[in-house]
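There are 2 protein chains.
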Amino acid sequence: MARVRMSDVAAAAGVSTATVSMVLSGAGSDRISPQTQARVREAAEAAGYAPNSVARSLRTQRTRTVGLISDTIATTPFAGRMLAGANDVARDHGHLVILVNTDDDAEQERKAILALAGQQVDAVLYARMWHRVVDAPAGLPADAVFLDCRPTHGGWPAVVPDDRRGGAAATRELVAAGHRRIAYVDAPNPEDVVASGLRRQGYLQVLAEAGITPDPALHVRAATDASGGRAAVEGLLDLPAERRPTAVFCFNDRMAMGAYTAAHRRGLVIPDDLSIVGYDDQQLIASELDPPLTTVALPHYEMGRWAMEVALGLRESDRDDPLLMNCPIIRRDSVGPPPVTAGN
Amino acid sequence: MARVRMSDVAAAAGVSTATVSMVLSGAGSDRISPQTQARVREAAEAAGYAPNSVARSLRTQRTRTVGLISDTIATTPFAGRMLAGANDVARDHGHLVILVNTDDDAEQERKAILALAGQQVDAVLYARMWHRVVDAPAGLPADAVFLDCRPTHGGWPAVVPDDRRGGAAATRELVAAGHRRIAYVDAPNPEDVVASGLRRQGYLQVLAEAGITPDPALHVRAATDASGGRAAVEGLLDLPAERRPTAVFCFNDRMAMGAYTAAHRRGLVIPDDLSIVGYDDQQLIASELDPPLTTVALPHYEMGRWAMEVALGLRESDRDDPLLMNCPIIRRDSVGPPPVTAGN
DNA sequence: ATGAAAGCGCTAACAG
DNA sequence: CTGTTAGCGCTTTCAT
Chain A
1 MARVRMSDVA AAAGVSTATV SMVLSGAGSD RISPQTQARV REAAEAAGYA PNSVARSLRT
61 QRTRTVGLIS DTIATTPFAG RMLAGANDVA RDHGHLVILV NTDDDAEQER KAILALAGQQ
121 VDAVLYARMW HRVVDAPAGL PADAVFLDCR PTHGGWPAVV PDDRRGGAAA TRELVAAGHR
181 RIAYVDAPNP EDVVASGLRR QGYLQVLAEA GITPDPALHV RAATDASGGR AAVEGLLDLP
241 AERRPTAVFC FNDRMAMGAY TAAHRRGLVI PDDLSIVGYD DQQLIASELD PPLTTVALPH
301 YEMGRWAMEV ALGLRESDRD DPLLMNCPII RRDSVGPPPV TAGN
Chain B
1 MARVRMSDVA AAAGVSTATV SMVLSGAGSD RISPQTQARV REAAEAAGYA PNSVARSLRT
61 QRTRTVGLIS DTIATTPFAG RMLAGANDVA RDHGHLVILV NTDDDAEQER KAILALAGQQ
121 VDAVLYARMW HRVVDAPAGL PADAVFLDCR PTHGGWPAVV PDDRRGGAAA TRELVAAGHR
181 RIAYVDAPNP EDVVASGLRR QGYLQVLAEA GITPDPALHV RAATDASGGR AAVEGLLDLP
241 AERRPTAVFC FNDRMAMGAY TAAHRRGLVI PDDLSIVGYD DQQLIASELD PPLTTVALPH
301 YEMGRWAMEV ALGLRESDRD DPLLMNCPII RRDSVGPPPV TAGN
């Protein structure tokens, strides 16, 4: 691509490559006379010179590239936002990102680490979707940054969503609207899904603060898709009137979508008869439901930014405790006061 | 990262770096004695040697990297699939991809092209979402490949979805089920949205083939989101019984989602009272609707693969006519025969 | 104020 | 069969 070399520019300007280098890189350009500088710049411009970063990298031992190892880029819309955050920071600081997708395969992960090391990337981000606790792969550079996951035994900077606080925010939204019988439609496997337990902690904490005794019947588990949510909420609506929830906090927006269906099938109007809060702020779901869904947003863009800032040394971080990124509540129209008929 | 150099391995094995290079790269390894080869490999292994690709690239003038310039990576789930397709092919052929997001900004695009040229990438993919006709940016390498867009005046290989055939497939699905009054809920701006006109062509073609005279009242335009779809379908359902459609083909799945809402509000059951076909196979919508939506899939993964294959010279391509990638119909449960009450 | 020269780590002729 | 040598294009002392 870049056909013209620095020596061509040097020849055209009648100077040495050393001079061209200094002028163009800005370093030590105070030692070069203004006339020469101008001459060099003109020559470079005229020749359409663009520096060869490969040669520069070999010499300087810095490539201005950072590797991003991700277990998926296609299966969730969140991956893209994370990538965008990381990318934006990299770009603003003159770095390029090399993206490697591993499909969650250990062998591919190993190869990715090797390939990135070979490319002499200046930093690496290690991303695994869904706020997981993961074993750091062998060979991962000591200065890697974990994204949306944290290493089993610490030792690396990491950033994950603050799911406990998010669960609290969702529940608080419902409590503030006047609800006292608030169900939590949870994910099935609390062990695998760190977020599940954390959001539940937030839920219970807010109930406690509000002086509400949690009703075990109002904590149900289901598959994390729309049909799971629908089935779970149908079960909830089958409870006798005095135990039936007036509000439901769903583990995610897909389940909330199912909750809508369940409510509609009973002829219930949201939020008049039933209030619903989701989690994820899943684009193309949350805002498109009718009525639009009040939910808690996952801060993937911000996490991507944070991780890249740490990786580039623009920000300090703790290597033992992961940063908990805030999950803000997004208020839309699925929360209202409990129906008056529901004697509290 | 890679601390140990080839000279270290050479010293350990008691050979020259030239020998190490040949053995490890495989090239001309038939000229090296098996014993020496074994010795070299052991030494490399023992030392944990990993070649420095920057040095190799400088020497060979090939970096085994390809740049992917995209106007977005975050705002649609399709971008991720495209990226995944391109990435998979690159990986399988020993290439790494450098991703640059431009946010559809010309200045960033210019910088991206420069940066990638500086990195000496072996190829570049130029992606713009939503099947657009775009002006090729200045400085774009002649061997770039256009992805999900095509250059105004040709001259580059390009791949876009075959929207005309997709529109035909959707309509055919409905015709095959027995429908004759089939509405097309279209996007608002036919000029901007190439796909809109093409899908309509497919729609009209299939109607013609089936001997159905298109009713202009059944071609409506609306905003491409759920509320647009809902409003449009409500209008359609307001038509007098004998002109009312028994099936609706929506420009996209979000609009189809709105069509569901419109139907439900009238107490209509899908597909018994109204059949619906969408477009996009938007994850988390199409399959989660109740009943699951029959739709036409956008082949982003395949387009990503194709573009990368062309870019790496693994596949021939035409520089004048873009490849039209098939959009397969995904059959789910939103299509049935027309209601018997609808006298055809 | 500018240039000469060395060298980043590797590969590829060419010798031997 | 294997080693020597000459760079790839750039940056960076060190001289002048």
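Chain order of the listed sequences is A and B. Note that my numbering numbers the first sequence so that position 43 is 43, with each residue one more than the last. Note that my numbering numbers the second sequence so that position 133 is 133, with each residue one more than the last. In this text, a Cβ means the ideal position worked out from N, Cα and C, and glycines have one as well.
Collapsing the DSSP output to three states places isoleucine 73(B) in coil. Annotation: serine 53(B) is outside any beta strand (DSSP E); the continuous alpha helix (DSSP H) that includes it extends over 53 to 60.
The residue from Leu237(B), Gln205(B), Thr76(B) with its alpha-carbon nearest to that of valine 220(B) is Leu237(B). The shortest C-alpha to C-alpha distance from alanine 13(A) to any of Ser317(A), Ile330(A), Ala90(A), Gln35(A) is the one to Gln35(A). Cβ contact annotation for valine 89(A) (same chain, cutoff 6 angstroms, sequence separation greater than five): Arg305, Met308, Glu309, in chain order. Annotation for methionine 6(A): Thr17, Val20 place their beta carbon closer than 6 angstroms to its own, counting only its chain and skipping 5 residues before and after. Judged by beta-carbon spacing, isoleucine 69(B) lies beyond the 8 angstroms limit of leucine 83(B), meaning their Cβ atoms are not closer than that value.
Contact holds between the segment 321 to 334 of chain A and the segment 275 to 290 of chain A, because three or more Cβ pairs, one in each stretch, are under 8 angstroms apart.
For the segment 232 to 310 of chain A, the full-length alpha helix (DSSP H) segments reaching 4 residues or more read 253 to 265 along the chain.
Bounds of the beta strand (DSSP E) holding tyrosine 126(B) are 123 to 134. Chain A places a beta carbon closer than 8 angstroms to that of asparagine 101(B), counting this residue as a contact. Take the alpha-carbon of methionine 303(A) and the one of valine 160(A): they are about 7 angstroms apart. Within the segment 65 to 93 of chain A, the residues whose Cβ lies closer than 9 angstroms to some Cβ of chain B are Thr65, Gly67, Leu68, Thr72, Ile73, Ala74, Thr75, Thr76, Pro77, Ala79, Gly80, Arg81, Met82, Leu83, Ala84, Gly85, Asn87, Asp88, Arg91, listed in chain order.
Residue pairing by DSSP places threonine 65(B) opposite Leu96(B) in a beta bridge.
Between the segment 179 to 192 of chain A and the segment 216 to 233 of chain A, the count of Cβ pairs shorter than 8 angstroms is three or higher; the stretches touch. Distance from the CA of glycine 229(B) to the CA of lysine 111(A), rounded to the nearest whole angstrom, comes to 46 angstroms. Runs of the alpha helix (DSSP H) lying entirely within the segment 176 to 235 of chain B, each at least 4 residues long, are 194 to 209 in chain order. Residue nearest to tyrosine 126(A) within the set Gln119(A), Arg39(A), Gly118(A), Asp104(A) is Asp104(A) (criterion: CA-CA distance). In the three-state scheme derived from DSSP, where H, G and I count as helix and E and B as strand, arginine 172(B) is classed as helix. Shown here, isoleucine 330(A) sits in a strand according to DSSP, grouped into three states. The beta carbon of glutamate 45(A) sits no closer than 8 angstroms to any beta carbon of chain B.
For asparagine 52(A), a Cβ of chain B is located within less than 8 angstroms of the residue's own Cβ. Residue pairing from DSSP places leucine 323(A) in a beta bridge opposite Val159(A).
Using a CB distance below 7 angstroms, the part of the segment 109 to 121 of chain B facing chain A consists of Leu114, Ala115, Ala117, Gly118, Gln119, Gln120, ordered along the chain. Closest in alpha carbon position to glycine 85(B), among Leu298(B), Arg244(B), Ser317(B), Ser33(B), is Leu298(B). Between proline 291(A) and the set Arg315(A), Thr65(A), Gly336(A), the nearest pair of CA atoms involves Gly336(A). Distance from the CA of leucine 204(A) to the CA of proline 245(A), rounded to the nearest whole angstrom, comes to 15 angstroms. Alanine 226(B) has a beta carbon lying within less than 8 angstroms of a beta carbon in chain A.
Annotation for aspartate 8(B): the continuous alpha helix (DSSP H) segment containing it runs 6 to 13. The CB of isoleucine 98(B) comes closer than 8 angstroms to the CB of Thr65, Leu96, Val97, Ile98, Leu99 in chain A, given here in chain order.
Between the C-alpha atoms of alanine 311(A) and valine 4(B) there is a straight-line separation of about 23 angstroms. In this structure, valine 233(B) keeps its C-beta atom at 8 angstroms or more from the C-beta atom of alanine 195(B). Annotation: the continuous alpha helix (DSSP H) that includes proline 34(A) extends over 34 to 47. By the Cβ rule, the segment 146 to 161 of chain B counts as touching the segment 317 to 331 of chain B, because three or more pairs are nearer than 8 angstroms.
For glutamate 209(B), no CB of chain A lies under 8 angstroms from its own CB, so it is not counted at the interface with that chain. For leucine 147(B), the uninterrupted beta strand (DSSP E) run begins and ends at 145 to 151, by DSSP.
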